[in-house]
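Numbering of the sequence shown is given in the numbering used here, commencing with residue 194 and proceeding in unit increments.
Think of the CB as a built atom: it goes at the ideal place given N, C-alpha and C, for glycine as much as any other residue.
What you are looking at is a predicted structure, and each value in this text was computed from that prediction instead of being measured.
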Amino acid sequence: MKILAINAGSSSLKFTLIELPQKEVIASGLFEKIGIAGSMYTIKYKGEKHVFEEDLPDHSVAVNKLMQALIDLKIIASLEEIEGVGHRIVHGGQEFSKSVILDEDVLKRIEKYNELAPLHNPANVMGVRAFMKALPGVIQVGVFDTAFHSTMDSVQFLYPVPYAWYEDLGVRKYGFHGTSHRFVNKEISEKLGRNDLKVISCHIGNGASITAIDSGKVIDTSMGFTPLAGVMMGTRSGDIDASLIPYVMKKLNKTCDEVMDDLNKQSGLLGISGVSSDSRDIEDAINLGNEKALLAQNMYAQKVANYIAMYNNLLNGADVITFTAGLGENSIMMREAIMARITSLGVKLDKEENNFRGEFKCITTKDSKIPVWVVPTNEELMIAMDTMELKNK
Ligand code: AMP
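Here it is as structure tokens:
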């Protein structure tokens, strides 16, 4: 069965065409600058990259071009081969605790949460509508970043602020990267042959979040009301004292939106190092003796370590710690820096075993109290698998 996994942004659309149950990627690609000058798209198929520079005035045009290209490049013989489309939806509020079949009524319910994720949800929904038009009668499924975290208890998801903010405004922790944490939890549970694992899942990339999972249920996660909270990230600050915001607004004569922009886009690894948000640049700078770059890396590692220690306590002792995403899968240096900061948990890094990128592998010694695994994430596959499951129901 061929399933499309879609991630639609405000001016972009990423797709992966996956054959299930074989879990085989047939083709993938990216539509960029939709609705702006210089739009283009690329499609990868059988090791070749096809580049098209064409006008993409809106998402519907992009989706129609995709359908045409899939046929023209002989990736599929007819559109009927596409048996389902799974869509990443960032915010499902408190309402969506699982992936759902999408129709116009469900989309209207999702749109209620647009205010909570203004950069993402409207674009996600726009993508869904474009596919509904292009592939009428084909099942469309919504897979929410927030859904996996819906099992959190109020002790974890409430902020200690006036309770009415929660009741009247929906102010609470929602958590994000849920599809990735769920995938990693599934992978490690299958690998270790247990479904009662207590897992500390560290999704550490440009965006980063740490999640405590017990027997497949999220107990707590580091991102919050928005993806700004938790650990330090590529350009995001993570947790800060909220009083910084009015202070900096006054001192720098900035608006609230401008300071929020600084916290989202000018902070984290970039803000501290002044070098880059990309950890490869940070590592290069460290190797050249740049102290701010080293400080940025140490801070990032320390924030992750702090959450691991906190969640080990919350889980009353974790069975396994996992690293995933850009840094977790690929940064030997960052993994080592984090591991050096959680030795009080009895965790022992095997430096030789840590010397690799992008594999599913254990990086601790045999006598490590908690094993640490690198588990490559695959959100597209999870989205496609949810779509197949709902289609087969
Ligand atoms: P993501 O947001 O999951 O795509 O992760 C992006 C982050 O992963 C960036 O900071 C990249 O620099 C980092 N990353 C990817 N590959 C490597 C690598 N080989 N070494 C160090 N960092 C890497």
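Which residue from the options puts its Cα closest to that of residue i?
i	options	result
Asp-296	Leu-481, Ile-514 and Val-318	Val-318
Pro-329	Ala-270, Glu-383, Leu-309 and Val-256	Val-256
Met-453	Leu-462, Asp-474, Thr-428 and Glu-476	Thr-428
Ile-525	Lys-496, Ser-436, Ile-397 and Pro-315	Ile-397
Asn-457	Ser-430, Glu-217 and Asp-361	Ser-430
Glu-484	Leu-462, Tyr-500 and Ala-502	Leu-462
Met-233	Ile-219, Lys-242 and Leu-249	Leu-249
Pro-311	Gly-285, Lys-586, Phe-289 and Met-325	Gly-285
Met-416	Glu-529, Asp-512, Gly-363 and His-342	His-342
Met-325	Lys-267, Gly-279, Lys-379 and Glu-572	Gly-279
Arg-302	Met-492, Ser-292, Glu-288 and His-313	Glu-288
Val-565	Glu-451, Met-442 and Lys-391	Lys-391
Gly-400	Thr-517, Arg-387 and Thr-558	Thr-517
Ser-204	Lys-216, Leu-223 and Pro-214	Leu-223
Asn-571	Lys-559, Ser-561, Glu-582 and Glu-552	Glu-552
Asp-434	Asn-446, Leu-421 and Leu-445	Leu-421
Val-377	Glu-476, Ala-405 and Ser-271	Ala-405
Asp-413	Met-194, Glu-276, Lys-216 and Gly-371	Gly-371
Val-497	Cys-395, Ser-221 and Leu-309	Cys-395
Val-587	Lys-444, Lys-443 and Phe-350	Residue 587 is absent from the model: the chain starts at 194 and stops at 586.
Pro-569	Asn-523, Leu-542 and Arg-528	Asn-523
Ala-327	Ala-201, Glu-545 and Val-254	Val-254
Val-424	Gly-409, Ile-403 and Met-442	Ile-403
Val-283	Ile-269, Lys-305 and Leu-272	Lys-305
Ala-198	Lys-554, Arg-528, Ile-531 and Arg-281	Arg-281
Ile-393	Gly-519, Gly-510 and Gly-368	Gly-510
Ser-466	Asn-200, Gln-490 and Lys-444	Gln-490
Gly-519	Met-194, Leu-259, Gln-333 and Ser-373	Ser-373
Around the C-beta of residue i, are 16 or more other C-beta atoms found within 10 angstroms, so that it is buried, or is it exposed?
i	result
Gly-482	exposed
Gly-521	buried
Asp-579	buried
Ser-436	exposed
Phe-650	As shown, the chain starts at 194 and ends at 586. That puts residue 650 outside it, with no answer to give.
Gly-231	exposed
Tyr-500	buried
Cys-449	exposed
Tyr-440	exposed
Leu-206	buried
Thr-536	exposed
Gln-261	exposed
Thr-380	Checking the displayed sequence, the identity of residue 380 turns out to be Glu instead of Thr. The residue in question, Glu-380, is buried, as its Cβ has 16 or more Cβ neighbours within 10 Å.
Arg-387	exposed
Lys-267	exposed
Asn-446	exposed
Leu-272	exposed
Val-540	buried
Gly-335	buried
Can you tell me whether residue i sits near ligand 2, meaning its C-beta is under 6 angstroms from at least one heavy atom of the ligand?
i	result
Met-526	Absence of ligand 2 from the depicted structure is noted, with ligand 1 being the only ligands included.
Rounded to whole angstroms, what's the CA-CA distance from residue i to residue j? Just pull it up for me.
i	j	result
Asp-389	Ser-382	8 angstroms
Glu-274	Asn-505	46 angstroms
Ile-556	Met-503	21 angstroms
Ile-211	Val-567	23 angstroms
Ile-479	Leu-487	6 angstroms
Ser-469	Met-426	12 angstroms
Glu-241	Thr-235	10 angstroms
Met-345	Asp-361	20 angstroms
Lys-584	Val-299	17 angstroms
Leu-574	Leu-213	9 angstroms
Arg-365	Ser-347	9 angstroms
Asp-251	Lys-226	9 angstroms
Asn-547	Asp-474	20 angstroms
Ser-292	Phe-337	6 angstroms
Val-354	Lys-384	41 angstroms
Asn-307	Ser-460	25 angstroms
Leu-538	Thr-515	15 angstroms
Leu-219	Leu-542	Here residue 219 is Ile; the residue named in the question, Leu, does not match the sequence. Cα-Cα distance, rounded: 37 angstroms.
Ala-316	Ile-576	17 angstroms
Gly-202	His-313	6 angstroms
Phe-369	Val-513	21 angstroms
Glu-545	Glu-529	11 angstroms
Ala-533	Ile-264	52 angstroms
Glu-217	Tyr-238	12 angstroms
Asp-432	Gly-277	39 angstroms
Trp-358	Ser-290	22 angstroms
For a cutoff of 7 angstroms on Cβ pairs, would you count residue i as touching chain B?
i	result
Asp-298	Among the chains of the structure shown, chain B does not appear; only one protein chain is present.
- Query: What residues sit near ligand 1, counting only those whose C-beta is closer than 5 angstroms to one of its heavy atoms, in chain order?
  - Reply: With 5 angstroms as the limit, the residues whose C-beta approaches any heavy atom of ligand 1 more closely are Gly-398, Asn-399, Asp-471, Ser-472, Arg-473, Ala-518, Gly-519, Leu-520, Asn-523 and Ser-524, in sequence along the chain.
- Task: With a floor of 4 residues, list each alpha helix (DSSP H) that falls wholly inside the stretch 464 to 496, ordered by position along the chain.
- Result: The stretch 464 to 496 contains these whole alpha helix (DSSP H) runs: 472 to 480.
- Task: Any chance you could list the beta strand (DSSP E) runs of at least 3 consecutive residues sitting entirely within the stretch 292 to 369, in chain order?
- Result: Fully enclosed beta strand (DSSP E) runs of 3 or longer: 332 to 337.
- Message: Suppose only complete runs of 3+ residues qualify. What are the beta strand (DSSP E) ranges in the stretch 361 to 435, listed by chain order?
- Response: Counting only runs of 3 or more, we get 391 to 397, 401 to 407 and 410 to 414.
- Can you check the stretch 210 to 270 for any beta strand (DSSP E) of at least 3 residues that lies completely inside it and give the ranges in chain order? Taking only runs of at least 3 residues, the beta strand (DSSP E) segments lying wholly in the stretch 210 to 270 are 217 to 225, 233 to 238 and 241 to 245.
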